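Here is the structure we will look at.
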Amino acid sequence: MFRWILGGRDAQRGVEMNSVLRIGEEQPRNWFTELQVLKGHFDIVRFLVQIDDLRYASAGDDGLLLVWNIETGEKLQEMRGHSQQITAMVPLTRVSRDTTHTWLVSASSDRSLSLWDPDTGNRVQTISDLQSSVKCLLVLERLDVWVSGGAELCGWNIDFQLQCQRQNHSDTGITALVELPKNCIAAAMDKEIVIYRLTASTDLSLTLAEVRCLSDHQDNIRTLIPVNDGMFASGSHVGELILWDSVDWNILAYEHILWEESQADAPSEIRLGAGPKPCEMSIQHLTTDGTLILAAVGSGLYVYSVVTKTVVAYRRVAHDSNILHTMLLELMSCSEDGSVRMWEMQDLPLPAEAASAGFFGMWSFGRSRKPAEPPCRKTPEAPSIRILEPTGDLIGHSGAIQMFLSFGERGLVTCSTDHQMILWKNGERQSHLRSLALFNKLEASDGL
Amino acid sequence: MIGSPDVVAFTKEDENGEANADPWALPDEFSVPLYSPANSNPWAKTSYAKFTKDFILISEFSEQVGPQPLLTIPDDPAVCGTFDLNYFSLRIMSVDYQASFVGHPPGSGYPRLSFVEDSRVVLGDSKEGAFAYVHHLTLYDLEARGFVRPFCMAYVSADERKIMMQFEELTHRFSQASECLKTGNRRAFAKELQRKLQDLEYTRFVLRKEEGLQREAAPPGIYSPHAVEKANELANVEKSIYEHRDLLRQISSYPSRPRRDPHAAPCHKCLTECLSEYEELLDKYGTLDDALKPAAGGRVPAGKLIKARSAKCFDKRLKTLSELCDETFYGATVGVLKETERFFSGDLCYQYSRRLDRALRRKQHVTNFLFEEDLGENSKDEGETAMPVCALNHAADLRLMRPPPIVLCSQPLELEALRILDPSDPASEISYSQESDLRPGRSRLESSPSDQTLESSEDTKCSFSSDRSAEGPMNGEHSLASARSEPADPDLIFDPDLTPDGEPNMDPERRSTSECTTAGEDEAENGGDETPVSPQEDSASREFREKGEGQGDSASLEVREEGEGHGDSASLEVREEGEGQGDSASLEVREEGEGQGDSASLEVREEGEGQGGGAEMEPESSLVQLDTACCMAQDDFLYEAAVPDGLHGSPPPTPPSAVINQEPQASLPLQGDYTVGSPRLEAPTAELGLLPPGTTEDSTSRGGVSDGSDCTMSVSAGSDRAGSPLCYGGGMTLRQRKKAGQGALKFVRQYPFAVQALWCLLSGRTLVVLGSEEGSVRRLVSALALFVPGPGRCGERVQAWLSCPFTLADLHRWKLIGLQRVASPLGSCMLHSLSRYSRYISVLDADQKTLRCPPYRGTLLANVADHRTSVRRGSTFSLHVRSTLGGLASKAFLLAFTHHLHLPVCPGEGPEAVEARRQGFLQDQLGLGPEDGQILLYLSRLVAQQYLRPSPGAATPSFTFNYTTSLLYKI
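Dropping the structure here:
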C-alpha cells in the first residue's frame, strides 16, 4: 500500500499557511479582472454544461435549466419543466450531415428525464414516472445510446426509447458512470464498480449484461473518471485512488492517502482529534488530462502522474474547506469556502529545506496489496516533487462554489450555492471588445 | 457729478491691470482660487455697495415732484438697505436720452405724440458703489404734460462688469418688459382717449343744445355775452375733439409704425390685437362728419360733462403706473422683471460658470450621465431659452433668444469680434450703429435711425439708436479696456465651442486681428456718459453678509466664495430652507437661488414656455453642436480636440511619438445624429423602483426613522433605496448640491486621505463608509456622492445606509455604500463580508477615521481634494468640483472615442502596441500617471458602456476591478 504519509500537521501547517497567505491582493497573473454576476436561479446551482463555444447551460436545485451566452452574460433560454431539483445534466450531440446539434438531457428528482433544445428552449422529449430518480447520465455517442444510472441502469436510444434496463441491488444506486472500450461501461455503486457490457443484437435492441464487479474500494466511491484509453480511475471516501485497466479491469495502481499519526510532541488537542476525519481525505473530484490526475482530497490537491505512478505535486491545504471541482488544464480548484484558486506547479523552495527535508524524509512507500504486476516504481526524488503554488484566487460567491466551467479566453463561469453564477472575464479583452463594438456602432449609426 | 466720468475707476483698473500673459490661464471669473492670494481680493471691488443684492428699480420723472422711485424688485426694503433710492432715481432719470420731442412741431396745428424709442444707458455711481443698466421709456398719459410720462427701469448692481458683460441680455429682457408696458399703455391711452372723446362729444352735445336754446331765446343778430361764451366754449370743445381724434389716429398708427429701435421686441399678436382695437375706435370716433350734423334726432352721446378748463394743477393726482398700463400688462411686466431679477441674481462668476457648464453639458450628451444632472426634459434654461416675446405669454410668438456669449477673458464683450465669429448665423448678427459724428474713423455709418437696413437684422442687433447715448456701454467698456491697458488677448475670447454658434475652425489669427482693430478704434472713444466706478475697499457689509450666511467655518473674511446664487442675504437662505419638501418640478427656478414662493404661477408658465421653446430650438442647436463636436472626425482630430481642453488647463498638445498623425482606418463620422444613444433616453428599469425626482428631498434628518430599522430588509430589494436621502440626476436641487458641496468640502478639509477616497470613487472602486452612527455616515455618503461617476438619475449607484451584509452584486450595483457597524453576530457577518470582498472595495471607517484603499500617488485630484483649500462655501466647492469632473468627463470622452487608442491601426499590430499607445496618450498627452490614468480608463469605460447601452433585457453590466494591495491611511 502506497501511503501518502503527510507529516505532522503543525509542521505542515507552518509551510502551508505561509503560502496560502501569499495569495495577496496583488495578483499580477490573475487575468480575471472583470466579472458579471448572473442571476436567474432561485436555488443552488449545481451543474454547468457547455453547449458550444458561446453557450452553456446551468441547472440546479430549483429545477430550472438556463442557457447563457458566455460573451454577454445574457440569459438566452429559460427551460422550465422539472418540478424538483436537477440531479444530472449532459449534452447530447448529434452530428447529422453537416450540422451538429446539441441537445440537453436532464434528470431530476421528480423521477423524470427530459430532452431540451437549447436553441428554442423547448422540451423535446420527456419521460416521467421512472421508478427512481436518475443520478447520473452517460452518452455513448458511438452507439447513439445514452445510459441513465440510478437505482436501475437503463439504456436509451437517441429517440428516448428505453432499450434495456437492469435492476441493482445496492442502496445508493449508481452514482457515476464511465464509458470503457469494447462497449463496456463502468458504474460506481457504493464501494463497488460494476462493469456492464452493452450488446446490440441483430434486431437493433440493446442488452446490458453485468460482466464484472470490482470491489476493491473500502469505502464509497466518490468519483469515477476515464483517464485515457487504457485506464480509468476511481476515488473513494477514505482517500483511496485506484487506477484500473480499462480492458481487463485490473488494478494498475492503488494509492491510499493516510495521515501519519501525530508525533508525540504534537499538541494534545490535535492528537485528541484522532487523525483526519474521513471527509478530510475523501477524494471529492478527479480530473485528468491522460497523464496526470488531479485529485481533490478533502481541502487538498494532489497531482498524480499515471506514468510514474507517483504524486508529482501537491498542496495539502489548498482551500479552507472541501474542494468540489477541479480543472487540470489550467490548474484551478473551487471549494466550499466560496473561492476559486488558481495554481501553478513550482519546485519546492530550497530555503525551506530544513523543514521540507525532514518532511519528505518521512515519505514511505509500500504496498500492502499485491497488484497484478507491480508497476515499475521509482522512488520519487525530493526535487521531482513539487508544490502547488497559488497564482490567484477568485472571490465573489458567498456560498460554496459547486462547479466551474472554463471557456478559455472567453472566461470562466462559476456556480454556487448562493444561487448565483459569476462570469469571470479578462478585463482587457472585454475592453477591447467593447471598443470594437463602440466603433462599430459609431460607424453603423453614422456618428454620435 | 452726474454724468461725469469717474476717474477712480480707471486708476483702480490700472492697479489691477497686470496683463494676463498666459493665454490658457482662466480669467478670474472662472477660476476658483484655492489659496488666498496675498495681495488682492478679486471680489473686493464690488463689495461696498449699500444694498445687499442686485435689484430692479423703476423710477419716474414726475412732473409734480421730479424723479421718484416707484418700485423695486424684489419688493423688499431689506434688499436696498441704506441705499438712497431717491438720489439714485435722480441720477438715473437724469441720463434720459430718449429722443423725445414734445409739443407742436412747427407747421402742425395739433399736439403730436412723440413716438420715442427707449434708450439704454449704463451708469455708475462711485459714491454709492452702484452701477445700473438704465432703460428709459415713455408712457402716454392724457393728463400729463405733453401727454408723456418718462419712466425708467434700472438694473442696479454693485458689479459693473456684470452689467457690462451682460448688457445685451439685459437689453433684451428690459426691452421686453418695456414693450409690454408700452403696449399696455398704448391701449390704455386709446381707451382713455375714447372716454375723453365720449365725454367731449357729450359736452358738445350739451353745449350745442344750450347754445341752440340761447340762440332761440336771444333776438337774431344779437349775441349775448353768455351766448358768445357758450359759442367759444363749444368751439373749444370741438377743437379739443379734433385734437383728440388726431391723437387717436396717431396712437392707432403706433403698432404699424416702423421701429427704429433694433432691440424693440414687439409681440405681433399684441400688436395685431391693438391694431384691431384701434381700428374699431377709429371707425367710431375718427370721422368728423357728425360734428357738422346737429345732434337732433341723432344719438345722444353718453358721457359726462367736462369742464372747459381741465385743471392741470399740481393737486391733480397722476395716474399710477398700473393705471397707466393695463392691469394685465402691468402684472405681466412685473412678472418679466421679477424673472429678470432672478435670472441675473448671483455673481457674474456664478452665472458664467453655470452658463458655461450648461453650454458644455449640452454638447456632451454622451458623457453627461457621468457627473451631471440630467438636462433632460426640463431644458428650460437661461441662455438658450426661447423667451416669449410678450410678457402676456403669447406662446405662439416664441423666439429664440440668443444667449449672451460667454467670453473667457477679462476683456469685456467684443461685439465686433463676435460678429465675425458667427457670420453664418443671421440671428446672432451683431452690428454697431453708432453715431457717425462720434466715430469719424468708422466706415460703417448707420447713423440714421430710419435706416432701412436696420429692419433686416432688427432682432438682435446691438445698436444704440438714441442719439446721444451713442457712446453707450460699449464705448465705455472699450475705454475701460484701454485704460486698463490689458492687451486684447485673442485666445481669451474663448473658443467657438462656448460661444453657442461659433465656428470651430475659426482660426485665432483672424480673431485676433479683428479684435485688435476693434479695440484700437475704440480707444479713441471715451465713455462720456457712463461713469463706471470701481469700488476698492473691502466692505464690511459684505463680510457681514458672509457671516450671516451661517457658514460655521467662515473665520476667514476673504470674500471670495462668490459662486453662490447671489451675495444672498440670510433671509434668502432662510427662505430656501423653508422650501417645501414635495416641491414642484420647476427645479430650474429654484436653482436660480430664489425661493420666490409668490410667483408660482409664473413658474408654471415658465415651465411651459421652456418646453415649447426647447422644442422649437432643437434643430438649430443640434446643428450647432454638431459643428463643434465634429472636429474629432478630422484627420488630426487629436490636436483639434485638445484645444478646448485648454479650458481645463491641459498643456498645449505636442505630438509625441506614440501618437499617430493619421486617423487609422476610416475616419469615423462622428457628426450625424447627435441624439443616437443619448443618455437622456435612459429608461429607469422598473426593478429599481425609481422615485420621481424631487420627491426625495434631502431627508438626511428624517432618513434615520425611515430606514434605520430595516435590518431585515433584503439587500437585493430595491425598496431600501426609498429611504435614500440622495436624489441625483434631475432631482438634485441647488440646496442639495450646496449641502453636498459643503459636506464634500468638510470632508476634504477634515481628512488628509480625502484624495485617496475620491480617487477610489472616481476609479470605480466601491467605497464603503463604515460607521456606527447613522447621521455621520449619511453625511459622509451624501458628501462623497458628488464624486460617484454615473450616479444614475436617482442616485441608484449610491446606498446611503445599509445595515445588513452585502453581496458582490451589491458592490457592483452600488459604488458608494454607507454601512452600519453593529456589534452583534450580524456585525461580525458584515465584517466578514467586508474582509472577504476587501479586494473590491475601499473602506472608510467613519468612527476610527481610517481609510483602507490602494495607494494613490496621482496629481489629478490634488486640485479638488486639497485640505488646505481656502474655499469656504459649499456651493463654490461644488461648482469647483463639477468643473473638474466636467474636465475629466470630456477627457474620458476623448479617450473613449479615439479609435487608435483602443484598436490596432494596422492588421499586424498586437494588443500590446495598442496598450502602449493608450498609455502614451494618457501619460504624454494628458499628463496622467498610472493611477490618474485609471480614473480616465474607468470613466471612458463607463462612457463606452453607456453608449453601447444594451437592450433592456440584457445582462447586468460587468464589473471591472484589479488586483492591487491596499494600504491603511490614518488621520
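Chain order of the listed sequences is W and A.
To convert, note that position 310 of the first sequence is 310 in the UniProt record's numbering; the numbers rise steadily by one, no gaps.
To convert, note that position 459 of the second sequence is 459 in the UniProt record's numbering; the numbers rise steadily by one, no gaps.
Just so you know, even glycine gets a beta-carbon here, dropped at the ideal spot from N, CA and C.
Everything numeric in this text was worked out from a predicted model, so none of it was measured.
Residue i and residue j closer than 7 Å at C-beta
i	j	result
Ser108(W)	Ile86(W)	yes
Leu885(A)	Phe371(A)	yes
Tyr133(A)	Leu85(A)	no
Ser940(A)	Ala892(A)	yes
Val45(W)	Cys334(W)	no
Ile241(A)	Arg186(A)	no
residue 1044(A)	Arg317(A)	Beyond the ends of chain A as shown, which are 1 and 971, falls residue 1044(A); an answer cannot be given.
Gly300(W)	Ala318(W)	yes
Ser966(A)	Arg852(A)	yes
Glu233(A)	Leu275(A)	no
Identity of the residue in the options nearest residue i by Cα
i	options	result
Asp52(W)	Thr102(W), Ala187(W) and Leu76(W)	Thr102(W)
Gly933(A)	Phe189(A), Gly764(A) and Gly212(A)	Gly764(A)
Glu168(A)	Arg112(A), Pro150(A), Cys325(A) and Val121(A)	Val121(A)
Ile395(W)	Gly775(A), Ala809(A) and Gly66(A)	Ala809(A)
Val366(A)	Thr965(A), Ser958(A) and Val943(A)	Val943(A)
Leu901(A)	Ile23(W), Asp446(W) and His432(W)	His432(W)
Ala227(A)	Glu210(A), Glu243(A) and Ser240(A)	Glu210(A)
Leu198(W)	Leu214(W), Leu153(W), Gln430(W) and Val105(W)	Leu153(W)
Phe174(A)	Glu339(A), Gly908(A), Ser828(A) and Ser824(A)	Glu339(A)
Asp347(A)	Pro957(A), Lys182(A) and Ile163(A)	Ile163(A)
Gln218(W)	His82(W), Ser234(W) and Gln402(W)	Ser234(W)
Thr223(W)	Ile158(W), Leu294(W), Gly399(W) and Ala437(W)	Leu294(W)
Ile77(W)	Ile174(W), Ser406(W) and Trp116(W)	It is Gln, not Ile, that sits at residue 77(W) in the sequence shown. Among Ile174(W), Ser406(W) and Trp116(W), the Cα nearest to that of Gln77(W) belongs to Trp116(W).
Pro957(A)	Glu71(W), Gly399(W) and Met189(W)	Glu71(W)
Val843(A)	Gly887(A), Lys746(A) and Val777(A)	Val777(A)
Supposed close pair residue i, residue j - CB separation, criterion 8 Å
i	j	result
Gly60(W)	Phe47(W)	7 Å
Gln27(W)	Gly73(W)	Rounded, the Cβ-Cβ distance is 23 Å, inconsistent with contact.
Phe232(W)	Ile221(W)	Phe232(W) to Ile221(W), Cβ: 12 Å. No contact.
Glu341(A)	Pro74(A)	6 Å
Ile817(A)	Leu834(A)	Between Leu834(A) and Ile817(A) the Cβ distance is about 10 Å, and since that is not below 8 Å, they are no contact.
Thr33(W)	Thr52(A)	Not really, about 56 Å apart at Cβ, beyond 8 Å.
Ala385(W)	Gln346(W)	According to the sequence as given, residue 385(W) is Ile; it is not Ala. At roughly 11 Å, the Cβ-Cβ gap does not stay under 8 Å, so Ile385(W) and Gln346(W) are not in contact.
Contact set for residue i: own chain, Cβ-Cβ below 8 Å, skip 5 residues either direction
i	result
Gly910(A)	Pro904
Val336(A)	Arg173, Gln176, Ala177, Cys180 and Ala391
Cβ-based neighbour list, residue i, same chain, cut-off 6 Å, excluding 5 preceding and 5 following
i	result
Glu15(A)	Unreliable positioning characterises Glu15(A) in this predicted model, as indicated by a pLDDT of 40, which lies under 50. The coordinate reading is nonetheless provided below. Nothing meets the Cβ criterion.
Asn440(W)	none
Leu758(A)	Phe787, Leu861 and Ala865
Met830(A)	Pro805
Ser246(W)	Leu180, Pro181, Gly230, Met231 and Phe232
Gln742(A)	Gly874
Thr333(A)	Ala177, Cys180, Leu181 and Ala391
Arg439(A)	Caution is warranted here: a pLDDT of 39 is assigned to Arg439(A), below 50, making its placement in the model unreliable, and no coordinate value can be reported.
Ile422(W)	Leu35, Val37, Gly396 and Thr414
Leu438(W)	none
Residue i beta carbon near the ligand FAD (any heavy atom closer than 6 Å)
i	result
Lys182(W)	Only the bare structure without any ligand can be found here, which leaves the ligand FAD out of the picture.
Sequence-distant residues of the same chain with beta carbon closer than 7 Å to residue i, five excluded per side
i	result
Phe115(A)	Tyr254 and Arg257
Ile127(W)	Ser112, Leu113 and Phe160
*Taking only runs that begin and end inside the segment 65 to 133 of chain W, name each unbroken beta strand (DSSP E) of 3 or more residues, in chain order.*
65 to 69, 75 to 79, 86 to 96, 99 to 108, 112 to 117 and 122 to 127
_Suppose only complete runs of 3+ residues qualify. What are the beta strand (DSSP E) ranges in the segment 739 to 821 of chain A, listed by chain order?_
766 to 771, 798 to 802 and 816 to 820
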